[in-house]
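Trainee: In the working numbering, the protein residues as written are 83 to 316.
Heads up, the beta-carbon is just placed ideally off N, CA and C, and yes, glycines get one too.
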Amino acid sequence: MSWTDTSYPDAAALAEAIAELLEDSIRSGISQRDQAVLALAGGRTPFPVYRRLAEAKLDWPRVTLLATDERWVDHDHPACNTREIRAAFAAATGVRVLPLTPVAPGPNASARHACKMLTALSGPFDAVLLGMGGDGHFASLFPGAAELRTGLDPANPDDALVVHPEPLPPEAPYARISLSASRLVRTRRLLLATTGTAKRAILDRAKARPEPLALPISALLHDSSTQVEIHWSP
Numbered sequence: 083m084s085w086t087d088t089s090y091p092d093a094a095a096l097a098e099a100i101a102e103l104l105e106d107s108i109r110s111g112i113s114q115r116d117q118a119v120l121a122l123a124g125g126r127t128p129f130p131v132y133r134r135l136a137e138a139k140l141d142w143p144r145v146t147l148l149a150t151d152e153r154w155v156d157h158d159h160p161a162c163n164t165r166e167i168r169a170a171f172a173a174a175t176g177v178r179v180l181p182l183t184p185v186a187p188g189p190n191a192s193a194r195h196a197c198k199m200l201t202a203l204s205g206p207f208d209a210v211l212l213g214m215g216g217d218g219h220f221a222s223l224f225p226g227a228a229e230l231r232t233g234l235d236p237a238n239p240d241d242a243l244v245v246h247p248e249p250l251p252p253e254a255p256y257a258r259i260s261l262s263a264s265r266l267v268r269t270r271r272l273l274l275a276t277t278g279t280a281k282r283a284i285l286d287r288a289k290a291r292p293e294p295l296a297l298p299i300s301a302l303l304h305d306s307s308t309q310v311e312i313h314w315s316p
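As structure tokens, then:
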């Protein structure tokens, strides 16, 4: 087994617990390496975590944050994860949030900007917080995407890649830049936060057997070299 599984009575308790875990990771990183780097999921579930974490009394100028994935949109677009993360951490004075995309992306999605930025962050992340979609995707590694095999490949040397979800989610019909699975697992702590009974059923199916092309999250759960800390609430 390559996961632990913790349940909470409600989403508020989950958010408080994960905020504490991320705070511990930041404190450890600053204490041991004079800095901390976190990769953070977008989506509805994690943002209460970020707002709680932003209130912690930390040496925020020593902290770097980046999204685990990003939509190919302008940075002021409502669908931009980096924009939302910056807003959630507004109380964290001095924190650095690095984007995976150019400020004004052109018509053709490219991972060049992300890969160049990530070369300066070659060491393990202090923590990664993932979410999971109802189809079992994490970051922007979607089932059905032509790039999924590459994105899940543990030998993939690239830190980031372009992903074209198929079909495009109607609520966010954009190409994506995603950190690769091989980069996401290069971390001192890998957390997965999710809520609801439907996603609980998806997690249970993913834990039962590896089927990465159908349920990408199962690739992480059945990777013997990776320890995933699952945090779930109804």
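Would H159 and P181 qualify as a contact pair, given that the criterion is a beta-carbon distance under 8 Å?
Mentor: no
Trainee: Measure the C-alpha to C-alpha separation of A202 and A121 and round it to an integer number of angstroms.
Mentor: 14 Å
Trainee: Is G233 closer than 8 Å to S260 when the C-beta atoms are compared?
Mentor: Yes, the Cβ-Cβ distance between S260 and G233 is below 8 Å.
Trainee: Thinking just about the alpha-carbon of each residue, which of W314, A237 and D116 is nearest to the one in D208?
Mentor: D116
Trainee: Using the Cα positions of E98 and S264, report the straight-line distance between them to the nearest angstrom.
Mentor: Roughly 28 Å between the two C-alpha positions.
Trainee: Apart from the five residues on each side of it in sequence, which residues of its chain come closer than 6 Å, Cβ to Cβ, to S300?
Mentor: A288, P292, E293 and P294
Trainee: For the structure I just gave you, are there three or more beta carbon pairs, one from the stretch 302-316 and one from the stretch 86-93, closer than 8 Å?
Mentor: yes
Trainee: What did DSSP end up calling V131 once you bin it into helix, strand or coil?
Mentor: helix
Trainee: Would you grab the beta carbon distance between P247 and R258 for me? Rounded to a whole angstrom, and I think it's under 8 Å.
Mentor: 7 Å
Trainee: Relative to the C-alpha of R271, which residue among Q309, M214 and A170 is closest?
Mentor: Q309
Trainee: Does W154 come out as helix, strand or coil in the three-state DSSP assignment?
Mentor: coil
Trainee: For L266, count neighbouring Cβ atoms within 10 angstroms of its own Cβ and tell me buried if that reaches 16, exposed if not.
Mentor: buried
Trainee: V185: buried (16+ other C-beta within 10 angstroms of its C-beta) or exposed?
Mentor: exposed
Trainee: Examine the Cβ distances between the stretch 164-180 and the stretch 132-139 and report whether three or more of them are shorter than 8 Å.
Mentor: yes
Trainee: In whole angstroms, what separates the C-alpha of L148 from that of L250?
Mentor: 23 Å
Trainee: Whose C-beta lies closer than 6 Å to the C-beta of D217 among residues of the same chain, with five residues either side of it excluded?
Mentor: P225
Trainee: Determine the burial state of T276: buried for a count of at least 16 other Cβ atoms within 10 Å of its Cβ, exposed for fewer.
Mentor: buried
Trainee: Any C-beta of chain C sitting closer than 8 Å to the C-beta of L223?
Mentor: Structure shown: chain C not included; a single protein chain is present.
Trainee: Can you tell me the Cβ-Cβ gap for A174 and W142, rounded? I've got them flagged as a contact below 8 Å.
Mentor: 4 Å
Trainee: To the nearest whole angstrom, what separates the beta carbons of G213 and T146, a pair I think is in contact under 8 Å?
Mentor: That belief does not hold up - the Cβ atoms of G213 and T146 are roughly 20 Å apart, past 8 Å.
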